[in-house]
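**Q** Going by UniProt numbering, the letters in the sequence shown line up with residues 1 to 172, in that order.
One structure is given below, represented as structure tokens, and several questions about it will come after.
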Amino acid sequence: MPGLRYLSGYSEPLQAQVRELIARDRLGELLRNRYGQAHDVRNDKALFDYAVELKDRYMRKAEPLNKVVYDNKLHVVRHALGTHTAVSRVQGSKLKASREIRIATVFRDAPAELLKMIVVHELAHLKQREHDKAFYQLCTHMAADYHQLEFDTRLYLTHLECVRPELPAVGG
């Protein structure tokens with residue numbers, strides 16, 4: 001049985017429950033029952049539109065997004081599930097900032113709620129750089145069940161690692 005790398009910060013009794021679900025081959029079933037609906041956000045244009053819609057709904061005053069894409073190399077390069085960058089360039093006498101979000105391609109096939117959690121997380125970084133109280137308050141403003149979704153995303157990644165161990169690990 002693979003290690004529980006995505007759950008290493010959680011208590012041992014909780015990890016034991018997850019190990020039991022894995023041993024009984026029930027973790028996938030639990031996730032399917034909780035999150036049965038896939039999403040239609042299949043390409044980069046749809047992902048961009050999805051992220052902009054969330055940003056406009058909850059963070060109207062934040063800087064506009066220039067690019068939001070699925071990135072199949074993200075887990076190899078950054079050891080992350082998503083990234084946000086702000087690239088500043090001088091154009092004439094003006095300083096222009098380009099804001100990008102990249103989401104690991106593993107979320108192209110993830111349940112809709114888990115994609116939302118990753119997009120919300122990266123959007124929150126547009127305003128809050130650190131994972132502090134203000135950051136998580138913003139996340140829960142955009143997705144009230146953010147903490148449950150974050151945990152379930154970790155379960156989902158653990159499940160994928162158990163089912164398809166040949167896939168490179170995502171995150172850390």
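All C-beta atoms, glycine included, are put in the ideal place defined by N, C-alpha and C.
Please read these numbers as outputs of a predicted model, since none were measured by experiment.
Can you find at least 3 beta carbon pairs, one from the stretch 147-158 and one from the stretch 54-70, that sit closer than 8 Å?
**A** As far as the Cβ criterion goes, the stretch 147-158 does not touch the stretch 54-70, which means the pair count is below three.
**Q** How many angstroms separate the CA atom of F107 from the CA atom of H159?
**A** In the sequence shown, residue 107 corresponds to position 107, counting from 1. In the sequence shown, residue 159 corresponds to position 159, counting from 1. Looking at the two C-alpha atoms, the distance is approximately 13 Å.
**Q** Starting from D71, follow the beta strand (DSSP E) in both directions and report where the run begins and ends.
**A** Indexing the sequence shown from 1 puts residue 71 at position 71. Taken as a continuous stretch (DSSP letters only), the beta strand (DSSP E) holding D71 covers K67 to D71.
**Q** For T105 and L27, I'd like the C-alpha separation in whole angstroms.
**A** Counting from one through the sequence shown, the residue named residue 105 turns up at place 105. Counting from one through the sequence shown, the residue named residue 27 turns up at place 27. Taking the straight line from one Cα to the other gives about 21 Å.
**Q** With F135 as the anchor, note down where its alpha helix (DSSP H) starts and where it stops.
**A** Translated into positions along the sequence shown, residue 135 becomes position 135. Here the alpha helix (DSSP H) through F135 covers K133 to M142.
**Q** Would you say A51 lies against chain D (beta-carbon separation less than 8 Å)?
**A** Looking at the structure shown, chain D is missing, and only one protein chain is on hand.
**Q** So, is A144 buried or exposed, given that buried needs 16 or more other C-beta atoms within 10 angstroms?
**A** By 1-based counting over the sequence shown, the position of residue 144 is 144. Exposed: under 16 other Cβ atoms inside 10 Å.
**Q** Looking at L123 and K55, is the spacing between their C-beta atoms short of 8 Å?
**A** Here residue 55 refers to the residue found at position 55 when the sequence shown is read from its first residue. Here residue 123 refers to the residue found at position 123 when the sequence shown is read from its first residue. Yes, the Cβ-Cβ distance between K55 and L123 is below 8 Å.
**Q** Verify whether the separation of the beta carbon atoms of I103 and Y70 is less than 8 Å.
**A** Here residue 103 refers to the residue found at position 103 when the sequence shown is read from its first residue. Here residue 70 refers to the residue found at position 70 when the sequence shown is read from its first residue. Cβ atoms of I103 and Y70: closer than 8 Å.
**Q** Can you tell me the Cα-Cα spacing of L4 and R60, whole angstroms?
**A** Along the sequence shown, read from residue 1 onward, the residue named residue 4 stands at position 4. Along the sequence shown, read from residue 1 onward, the residue named residue 60 stands at position 60. The straight-line gap from Cα to Cα measures roughly 38 Å.
**Q** Who does P111 pair with in a DSSP beta bridge?
**A** As a working note, residue 111 is residue 111 in the sequence shown. According to DSSP, P111 bridges with A38.
**Q** What separation, rounded to the nearest whole angstrom, lies between the Cα atoms of C139 and S11?
**A** Walking along the sequence shown from the start, residue 139 turns up at place 139. Walking along the sequence shown from the start, residue 11 turns up at place 11. For C139 and S11, the distance between alpha carbons rounds to 23 Å.
**Q** Determine, using beta carbons only, whether L115 and Y156 come nearer to each other than 8 Å.
**A** Taking the first residue of the sequence shown as position 1, residue 115 is located at position 115. Taking the first residue of the sequence shown as position 1, residue 156 is located at position 156. No; because the gap between Cβ atoms is not below 8 Å, this pair is not in contact.
**Q** Figure out for me which residue from R19, V52, F135 and A112 has the closest Cα to the Cα of R42.
**A** Within the sequence shown, the letter at position 42 stands for residue 42. For the residues R19, V52, F135 and A112, the minimum Cα distance to R42 belongs to A112.
**Q** Under three-state DSSP, which class holds R154?
**A** In the sequence shown, counting from the first residue as 1, residue 154 sits at position 154. The answer is helix: DSSP assigns R154 an H, G or I state.
**Q** CA-CA distance, R129 and Q15?
**A** The residue labelled residue 129 in the question sits at position 129 within the sequence shown. The residue labelled residue 15 in the question sits at position 15 within the sequence shown. Rounded to the nearest angstrom, the two C-alpha atoms are 29 Å apart.
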